[in-house]
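A.B. asks:
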Amino acid sequence: MKTTSLITRRRAIVAGLASIGGLVAARLPRDLPPSYGNLLRMGDTLTYAAHRTLLPAQSLVREYGVSDLTSFPATGTTNPAVSVTSALGEEYRTLQAGAFADWRLSVEGRVARPQSFSLAELKQFPSRTQITRHTCEEGWTAIGQWTGVPLSRVLDAVGIMPTARFVVLHSVDDWVDSLDLIDALHPQTILAYGMNGADLPIAHGAPVRLRLERQIGYKSMKYVRRLVVADEFDDGGTSGSIRNGWAWYTGI
Amino acid sequence: MDDARGHARWVRLSHWIGAASLLVLAVTGVVILMAHPRLYWGDIGNDLTPALLELPISRNHQHAGWDTPRPFFAKPNGPVSASRTFDIFNQNGWGRSLHFLAAWCLVLPGALYLLGGLTGGHFRSHIWPGALELAPRVVWRHVVDHLRLRIPPATGGPRYNVLQKAAYSWVVFVAAPLMVLTGLAMSPAVGAAYGWLPRLFGGYQSARTIHFFTFVALGLFVLVHLAMVVASGFRRQMRAMTVGGVR
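Protein chains in written order, with the working numbering: chain L, 55 to 306; chain W, 280 to 526.
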């Protein structure tokens, strides 16, 4: 017996799924990170695309009270003056000896007014203090209070070009990472120079680290020294997460 | 949908996609846990706070590689910081990404399976236990039969006894949704968008602990499931779930 119904259940389901697919495709970010044909990185890209299309872009992470502060392990690089053997390590030793008075953050790339900021200059911007949960990829969590300048303020000061799509960060311990502009301009994304009411300790990334609250801990780069605004995705080469076998997007 | 015809093709396909994804999720889940084999309750837990349970599953188990803790504040018993001096086992670079890839492979076809099962009557007719089957006498008889290892021969299709239905219902309607929700509750991006999700489970670390114990329960289910497949006629059951048909 042939069905004569115009709208069958199967057709309704297929049409429904196709419309959802269409809506998702319309909100997809224009730039997706490269996967180099690597199946794992394709999965990361799917997660990134799903988060960017399905989750609200400006949702804030939970902020805690001072009584919620917990003990906080320092992992990865915990003192570049000892562990970084390159010229950057040497330079860090000198800066550290001078209490980072001569330290400067260079902001360059696709910006109208490239500049470098001293620690004192960064502290002149309106600051933001937030008590948030650090979520490490290893599986542990900790709550810390972070004080710093919203990255969006710094980007406003240098004037990013309309074609800019990513902010690339370089660290003293030779790590290169990047953020899309949704994360870079997020109100809780700050360049932190204070932790728990004091100067940011060496072990936690002094003098300045990134706090990127909607991703896993390793995206909150410690020992930031240089920002490059870019039009195109920059994987950081051999210093980047992808080439080292780690996901670029870690909202999960 | 005729009982005598064996498993429908979409059920067989869903079964093997689910089985392969679960295997990958289980292996990578253990790899991820090995990086930090400590479980906690609440929102927060790390090497400098007490654990609920410490699992001896990697060299990271109770490693003492921390320098002298430094207090953040002058007051006693306050939060401290310590730097790690131990080279930990950590394969999360591929472990995490493969875990999430397998999760996508389970969740997307799984959603279609749920849609098909709900709209096509598969759940109502084959999976969800009926009121008559839930009569204590019937349930008791099946429990006693199973304990005496009087396993009925394979039907080669979806004609399940009440214990099977209860087990499959638990997997489909309780364990699988719980794994997805506790998994999502651990995502910082999802937690920012939907703060009620981590709160529902009592915080990030509680969600992680529930995620682990649900995995253990699912592992026990798989062991019993495999034992019953063997006991009821392995060749016939495998044929029914692969090429299909009863004979």
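All C-beta atoms, glycine included, are put in the ideal place defined by N, C-alpha and C.
Consider the Cβ of residue 380 of chain W: report whether some Cβ of chain L lies at a distance smaller than 7 angstroms.
C.D. replies: Position 101 of the second sequence, counted from the start, is the residue given in the question as residue 380 of chain W. By this cut-off, residue 380 of chain W is an interface position.
A.B. asks: I believe residue 268 of chain L touches residue 246 of chain L by the beta-carbon criterion, under 8 angstroms. Please report the beta-carbon distance rounded to the nearest angstrom.
C.D. replies: Locating residue 268 of chain L in the first sequence gives position 214, counting from the first residue. Locating residue 246 of chain L in the first sequence gives position 192, counting from the first residue. Residue 268 of chain L to residue 246 of chain L, Cβ: 15 angstroms. No contact.
A.B. asks: Assuming residue 135 of chain L and residue 116 of chain L make a contact with CB atoms under 8 angstroms, what is their CB distance in whole Å?
C.D. replies: Stepping through the first sequence from its first residue, residue 135 of chain L is reached at position 81. Stepping through the first sequence from its first residue, residue 116 of chain L is reached at position 62. 35 angstroms between Cβ atoms; not a contact.
A.B. asks: Taking the alpha-carbon of residue 168 of chain L as reference, which of L/187, L/158, L/190 has the nearest alpha-carbon?
C.D. replies: Within the first sequence, the letter at position 114 stands for residue 168 of chain L. Minimum Cα distance to residue 168 of chain L is reached at L/158.
A.B. asks: Residue 31 of chain L to residue 233 of chain L, Cα distance in whole Å?
C.D. replies: Here chain L covers residues 55 to 306 and nothing more, so residue 31 of chain L does not appear.
A.B. asks: Going by other Cβ atoms of all chains shown within 10 Å of its Cβ, with 16 needed for buried, is residue 475 of chain W buried or exposed?
C.D. replies: Taking the first residue of the second sequence as 1, we reach residue 475 of chain W at position 196. Result: exposed.
A.B. asks: Could you check whether the Cβ of residue 326 of chain L sits closer than 7 angstroms to any Cβ belonging to chain W?
C.D. replies: In this structure chain L extends from 55 to 306, so residue 326 of chain L is not present and cannot be described.
A.B. asks: Taking its Cβ as the centre, do 16 or more other Cβ atoms sit within 10 Å of residue 354 of chain W, making it buried, or is it exposed?
C.D. replies: As a working note, residue 354 of chain W is residue 75 in the second sequence. So residue 354 of chain W counts as exposed.
A.B. asks: Name, in chain order, the residues that DSSP records as bridge partners for residue 248 of chain L.
C.D. replies: One-based indexing of the first sequence puts residue 248 of chain L at position 194. Residue 248 of chain L is bridged to L/201, L/253.
A.B. asks: So residue 360 of chain W contacts chain L; which residues on that side make the cut at Cβ distance below 8 angstroms?
C.D. replies: One-based indexing of the second sequence puts residue 360 of chain W at position 81. What residue 360 of chain W touches in chain L: 125, 126, 127, 128, 255, 257, 258.
A.B. asks: Give, in chain order, every residue of the stretch 431-451 of chain W whose Cβ lies closer than 8 angstroms to some Cβ of chain L.
C.D. replies: Listed by position along the chain: nothing, the set is empty.
A.B. asks: Is the stretch 356-370 of chain W close to the stretch 334-341 of chain W, with three or more CB pairs under 8 angstroms?
C.D. replies: They touch, by the three-pair rule.
A.B. asks: Which runs of the beta strand (DSSP E) spanning at least 3 residues fall entirely within the stretch 157-244 of chain L, listed in chain order?
C.D. replies: With a minimum length of 3 residues, the continuous beta strand (DSSP E) runs that stay inside the stretch 157-244 of chain L are 158-163, 169-172, 182-189, 195-204, 220-225, 230-234.
A.B. asks: Can the beta-carbon of residue 508 of chain W be found closer than 7 angstroms to that of residue 516 of chain W?
C.D. replies: On the second sequence, position 229 is the one that residue 508 of chain W refers to. On the second sequence, position 237 is the one that residue 516 of chain W refers to. Yes.
A.B. asks: Go ahead and pull the three-state DSSP assignment for residue 317 of chain W.
C.D. replies: In the second sequence, the residue the question calls residue 317 of chain W occupies position 38. Three-state DSSP puts residue 317 of chain W in a strand.
A.B. asks: Does the stretch 76-89 of chain L come into contact with the stretch 441-450 of chain W, if we say contact requires no fewer than three beta-carbon pairs (one atom in each stretch) closer than 8 angstroms?
C.D. replies: Verdict: no, contact absent.
A.B. asks: Between residue 466 of chain W and residue 243 of chain L, what straight-line distance do the alpha-carbon atoms span, to the nearest angstrom?
C.D. replies: Here residue 466 of chain W is taken as the residue at index 187 of the second sequence, counted from 1. Here residue 243 of chain L is taken as the residue at index 189 of the first sequence, counted from 1. Residue 466 of chain W and residue 243 of chain L: Cα-Cα distance of roughly 17 angstroms.
A.B. asks: I'd like to know if the stretch 122-132 of chain L and the stretch 346-362 of chain W are in contact, where contact means that at least 3 CB-CB pairs between them fall below 8 angstroms.
C.D. replies: Flag = yes, the stretch 122-132 of chain L and the stretch 346-362 of chain W touch.
A.B. asks: Return the CA-CA distance between residue 468 of chain W and residue 305 of chain L, expressed in angstroms with no decimal places.
C.D. replies: Here the question's residue 468 of chain W lines up with position 189 in the second sequence. Here the question's residue 305 of chain L lines up with position 251 in the first sequence. The straight-line gap from Cα to Cα measures roughly 5 angstroms.
A.B. asks: Would you identify the three-state DSSP class for residue 479 of chain W, choosing helix, strand or coil?
C.D. replies: Here residue 479 of chain W refers to the residue found at position 200 when the second sequence is read from its first residue. Residue 479 of chain W: helix per DSSP, three-state reduction.
A.B. asks: Tell me which residues of the stretch 381-408 of chain W have at least one Cβ-Cβ distance to chain L shorter than 8 angstroms, keeping chain order.
C.D. replies: Listed in sequence order: 383, 394, 398.
A.B. asks: Could you tell me which residues DSSP pairs with residue 289 of chain W in its beta bridges?
C.D. replies: Here residue 289 of chain W corresponds to residue number 10 of the second sequence, with the count starting at 1. Residue 289 of chain W is not bridged to any residue.
A.B. asks: State the CB to CB distance for the pair residue 270 of chain L and residue 191 of chain L, rounded to an integer number of angstroms; the pair is presumed to be in contact (CB under 8 angstroms).
C.D. replies: The residue given as residue 270 of chain L occupies position 216 in the first sequence. The residue given as residue 191 of chain L occupies position 137 in the first sequence. Between residue 191 of chain L and residue 270 of chain L the Cβ distance is about 5 angstroms, and since that is below 8 angstroms, they are a contact.
A.B. asks: Within the same chain, show all residues whose beta-carbon is closer than 7 angstroms to that of residue 331 of chain W, passing over the 5 residues directly before and after it, in chain order.
C.D. replies: The sequence position of residue 331 of chain W within the second sequence is 52, counting from 1. Same-chain partners within the cutoff: 318, 319, 320, 488.
A.B. asks: Residues of chain W with CB closer than 7 angstroms to the CB of residue 191 of chain L, please, in chain order.
C.D. replies: Here residue 191 of chain L is taken as the residue at index 137 of the first sequence, counted from 1. 371, 375, listed in chain order.
A.B. asks: Taking the beta carbon of residue 296 of chain L as the centre, do at least 16 other beta carbons fall within 10 Å, making it buried, or is it exposed?
C.D. replies: Within the first sequence, residue 296 of chain L is the residue found at index 242, counting from 1. Label assigned to residue 296 of chain L: buried.
A.B. asks: Got a sec, what are the start and stop residues for the beta strand (DSSP E) residue 93 of chain L sits in?
C.D. replies: Taking the first residue of the first sequence as position 1, residue 93 of chain L is located at position 39. Here residue 93 of chain L belongs to no beta strand (DSSP E); instead the alpha helix (DSSP H) covers 93-108.
A.B. asks: Locate the beta strand (DSSP E) running through residue 284 of chain L, then write down its first and last residues.
C.D. replies: Residue mapping note: residue 284 of chain L aligns to position 230 of the first sequence, counting from 1. Start and end: 278-284.
A.B. asks: If you run the structure through DSSP and keep just helix, strand and coil, what is residue 433 of chain W?
C.D. replies: The sequence position of residue 433 of chain W within the second sequence is 154, counting from 1. Coil, per DSSP.
A.B. asks: Residue range of the alpha helix (DSSP H) that residue 260 of chain L falls in?
C.D. replies: Within the first sequence, residue 260 of chain L is the residue found at index 206, counting from 1. Segment: none, residue 260 of chain L is in no alpha helix (DSSP H) and carries neither H nor E.
A.B. asks: Give the residues from the stretch 99-116 of chain L that approach chain W closer than 7 angstroms (Cβ to any Cβ), ordered along the chain.
C.D. replies: Going along the stretch 99-116 of chain L in chain order, one finds 100, 101, 105, 109, 110, 113, 114, 115, 116 with a Cβ nearer than 7 angstroms to chain W.
A.B. asks: May I have the straight-line CA-CA distance separating residue 155 of chain L from residue 498 of chain W, to the nearest angstrom?
C.D. replies: Along the first sequence, read from residue 1 onward, the residue named residue 155 of chain L stands at position 101. Along the second sequence, read from residue 1 onward, the residue named residue 498 of chain W stands at position 219. One C-alpha to the other measures close to 57 angstroms.
A.B. asks: Residue 303 of chain L and residue 225 of chain L - do their beta-carbons sit closer together than 7 angstroms?
C.D. replies: Residue numbering aside, residue 225 of chain L sits at position 171 when the first sequence is read from its first letter. Residue numbering aside, residue 303 of chain L sits at position 249 when the first sequence is read from its first letter. No, these two residues do not count as a Cβ contact at 7 angstroms.
A.B. asks: To the nearest angstrom, report how far apart residue 279 of chain L and residue 189 of chain L are at their CA atoms.
C.D. replies: Stepping through the first sequence from its first residue, residue 279 of chain L is reached at position 225. Stepping through the first sequence from its first residue, residue 189 of chain L is reached at position 135. For residue 279 of chain L and residue 189 of chain L, the distance between alpha carbons rounds to 23 angstroms.
A.B. asks: Considering only the alpha carbon of each residue, which of L/161, L/162, L/145 lies closest to residue 227 of chain L?
C.D. replies: Taking the first residue of the first sequence as position 1, residue 227 of chain L is located at position 173. When only C-alpha atoms are compared, the closest one is L/145.
A.B. asks: Please return the same chain residues whose Cβ sits closer than 6 angstroms to the Cβ of residue 206 of chain L, not counting the five positions on each side in sequence.
C.D. replies: Sequence index remark: in the first sequence, residue 206 of chain L carries index 152 (1-based). Taken in chain order, the residues that qualify are 239.
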